[in-house]
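Enquirer: Residues in the sequence shown are numbered consecutively from 0, following numbering that gives the first Met the number 0. Each residue gets a CB set at the ideal place from its N, CA and C atoms; glycine is no exception.
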Amino acid sequence: MPLTLAVEFIEPGVRLITLQRPQALNALTTQLLGELADELNAAQSDHNTHAVVITGSAKAFAAGADINEMAERNLVGILDDPRQASWQTLTRFSKPLIAAVNGFALGGGCELAMHADIIIAGEDARFGQPEINLGIMPGAGGTQRLLRAVGKSMAMQMVLTGEPISARQAQRSGLVSEVTQPEFTVERALHIAHSIATKAPLAVRLAKEALLKAMDTDLASGLRLERHAFTLLAGTRDRDEGIRAFQEKRRPAFTGE
Ligand code: DAK
């Protein structure tokens, strides 16, 4: 049983993962990241899971890597850090991942949210990369993903000053797709996850892959990948089913084939 997070199965096909280290504002320990990686691996290999929502508490999504644990690691420990493998699992996760963020999403917490495909934020959410205040810098995508999400000027300001931005600023910058009242953040994220879970799984997977590719490739290569994926989907049963269902004015019943 995981100790630092809770997992709920929400029909149809959605898993809700809730980080649970309230005493430390969900600061990310090696254990928590390991348990999260295990849960994502389980979700990845479960054919009945079509989307995952990750959330924290009302006060904090996650306030970053656990600083007390960081204090125990020297350079050798960092090079050989088991957390690296957990972050890699997050990066490789190919099913839709939605972050429902209330309160603080700082440092590794902001980076965790940025591993999600969609971020829904409560009005009180704060996104920041305060590592500079500790004499370090982001290490899990907080320079690379942040810049791609919010642009150069905002990313520079956040990383070099360490000052967080509000949910509204994050939305204006493109980091967050929707801002909700805090009590509805998870509900809204689950609603979106549910909508995605009813779509054709292969189409969802390839569309996610193509969209992510757009962040780190040139246009010609991205378009090539898109055409390839589009052609692959043309041979699927779900494509036939989607078109037939439209013509027959009914909901499609996708099977993932
Ligand atoms: N680590 C450990 N404990 C934390 C914590 C953290 N990151 N953040 C908060 N806590 C603990 C506090 O120490 C406090 O514990 P007690 O004193 O009650 O025992 C409790 O949570 C409540 O926090 P506060 O009393 O401070 O609450 P406030 O509302 O006053 O302030 C705050 C909330 C979020 C502004 C403040 O707690 C704060 O500034 N926290 C630190 C935020 C921060 O600097 N985060 C960045 C950490 S560095 C890596 C990849 C990524 C990273 C590292 C490695 N690899 C790939 C290897 C990431 C690094 C980081 O994230």
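1. If SER93 and GLU208 are in contact, beta carbons under 8 angstroms, what's the gap, nearest whole angstrom?
2. Do ILE119 and GLU186 have their CB atoms nearer than 7 angstroms?
3. Could you spell out the range, first to last residue, of the beta strand (DSSP E) harbouring GLY121?
4. Taking 7 angstroms as the threshold (C-beta atoms), are ALA112 and ALA104 in contact?
5. With a cut-off of 8 angstroms on the beta carbons, I'd call THR54 and THR17 a contact; round off their distance for me.
6. Give the secondary structure of ARG14 by DSSP, where H, G and I count as helix, E and B as strand, and everything else as coil.
7. Look up GLU225 in the DSSP assignment and say whether it is helix, strand or coil.
8. My output table needs one value for GLU344: the three-state DSSP class, helix, strand or coil.
9. From this set, ARG20, ALA154 and LEU39, which residue's C-alpha is nearest ALA57's C-alpha?
10. So GLU208 is in the beta strand (DSSP E); what residue range does that whole segment cover?
11. Starting from the C-beta of PHE8, find all residues in its chain whose C-beta is less than 7 angstroms away, skip the five residues before and the five after it, and write them out in chain order.
12. Do the region 127-142 and the region 161-178 make contact, defined as three or more Cβ pairs closer than 8 angstroms?
13. Could you tell me how far apart the beta carbons of GLU256 and THR230 are, in whole angstroms, since I believe they sit closer than 8 angstroms?
14. At a cut-off of 6 angstroms, would you count GLN83 as near ligand 1, judging by its Cβ distance to the nearest heavy atom?
15. Is PRO11 near ligand 1, going by C-beta to nearest heavy atom under 6 angstroms?
16. Does the beta carbon of ASP80 come closer than 7 angstroms to any beta carbon on chain D?
17. State the beta-bridge partners of ALA6 as determined by DSSP.
18. By the DSSP assignment, the alpha helix (DSSP H) with GLY107 in it spans what residues?
19. Would you kindly report the start and end of the unbroken beta strand (DSSP E) that includes LEU96?
20. Please tell me whether ALA192 and VAL6 are closer than 7 angstroms, where the distance is taken between their beta carbons.
21. Got a sec, what are the start and stop residues for the beta strand (DSSP E) VAL149 sits in?
22. What is the residue span of the alpha helix (DSSP H) that THR184 lies within?
23. Is the separation between the beta-carbon of ILE97 and that of ALA199 shorter than 7 angstroms?
24. Considering only residues of the region 44-70, which uninterrupted beta strand (DSSP E) runs meet the minimum length of 3 residues and lie entirely inside it, listed in chain order?
25. Roughly how many whole angstroms lie between the Cα atoms of MET214 and GLY33?
Expert: The structure says:
1. Taking the first residue of the sequence shown as position 1, residue 93 is located at position 94. Taking the first residue of the sequence shown as position 1, residue 208 is located at position 209. About 7 angstroms; that satisfies the 8 angstroms criterion.
2. Sequence index remark: in the sequence shown, residue 119 carries index 120 (1-based). Sequence index remark: in the sequence shown, residue 186 carries index 187 (1-based). In this structure, GLU186 does not lie closer than 7 angstroms to ILE119 by Cβ.
3. By 1-based counting over the sequence shown, the position of residue 121 is 122. That run of the beta strand (DSSP E) goes 117-121.
4. As a working note, residue 104 is residue 105 in the sequence shown. As a working note, residue 112 is residue 113 in the sequence shown. Contact flag set, yes.
5. Counted from its first residue, the sequence shown places residue 54 at position 55. Counted from its first residue, the sequence shown places residue 17 at position 18. Contact holds; Cβ gap of about 5 angstroms.
6. Working through the sequence shown from its first residue, we reach residue 14 at position 15. ARG14: strand per DSSP, three-state reduction.
7. Locating residue 225 in the sequence shown gives position 226, counting from the first residue. Three-state DSSP puts GLU225 in a helix.
8. Outside the displayed span of the chain (0 to 256) sits residue 344, for which this structure offers no information.
9. Against the sequence shown, residue 57 aligns to sequence position 58. Answer by Cα proximity: ARG20.
10. By 1-based counting over the sequence shown, the position of residue 208 is 209. Looking at the DSSP string, GLU208 is not in any beta strand (DSSP E); the run it does join, the alpha helix (DSSP H), is 200-213.
11. By one-based count along the sequence shown, residue 8 stands at place 9. Counting only Cβ-Cβ distances below 7 angstroms, and skipping sequence neighbours, we find ARG14.
12. yes
13. In the sequence shown, counting from the first residue as 1, residue 256 sits at position 257. In the sequence shown, counting from the first residue as 1, residue 230 sits at position 231. That belief does not hold up - the Cβ atoms of GLU256 and THR230 are roughly 17 angstroms apart, past 8 angstroms.
14. Within the sequence shown, residue 83 is the residue found at index 84, counting from 1. Answer for GLN83: yes, Cβ within range of ligand 1.
15. Counted from its first residue, the sequence shown places residue 11 at position 12. No, ligand 1 has no heavy atom inside 6 angstroms of this Cβ.
16. No chain D is present in this structure, which holds just one protein chain.
17. Stepping through the sequence shown from its first residue, residue 6 is reached at position 7. Per the sequence shown, the amino acid found at residue 6 is Val instead of Ala. BP columns for VAL6 point to ILE16.
18. Taking the sequence shown and counting its residues from 1, the one referred to as residue 107 is at position 108. 107-114 is the span of the alpha helix (DSSP H), which, as asked, contains GLY107.
19. By one-based count along the sequence shown, residue 96 stands at place 97. Residues 96-100.
20. As a position in the sequence shown, residue 192 is number 193, starting the count at 1. As a position in the sequence shown, residue 6 is number 7, starting the count at 1. Cβ distance not < 7 angstroms, so ALA192 and VAL6 don't count as in contact.
21. Start at 1 with the first residue of the sequence shown, and residue 149 comes out as number 150. Where VAL149 is concerned, there is no enclosing beta strand (DSSP E), although the alpha helix (DSSP H) it sits in stretches over 143-149.
22. Within the sequence shown, numbered from 1, the residue matching residue 184 stands at position 185. 184-196 is the extent of the alpha helix (DSSP H) around THR184.
23. To locate residue 97, count along the sequence shown from 1; it is residue 98. To locate residue 199, count along the sequence shown from 1; it is residue 200. Cβ distance not < 7 angstroms, so ILE97 and ALA199 don't count as in contact.
24. 50-54 and 59-61
25. The residue labelled residue 214 in the question sits at position 215 within the sequence shown. The residue labelled residue 33 in the question sits at position 34 within the sequence shown. When rounded, the distance between both Cα atoms is 27 angstroms.
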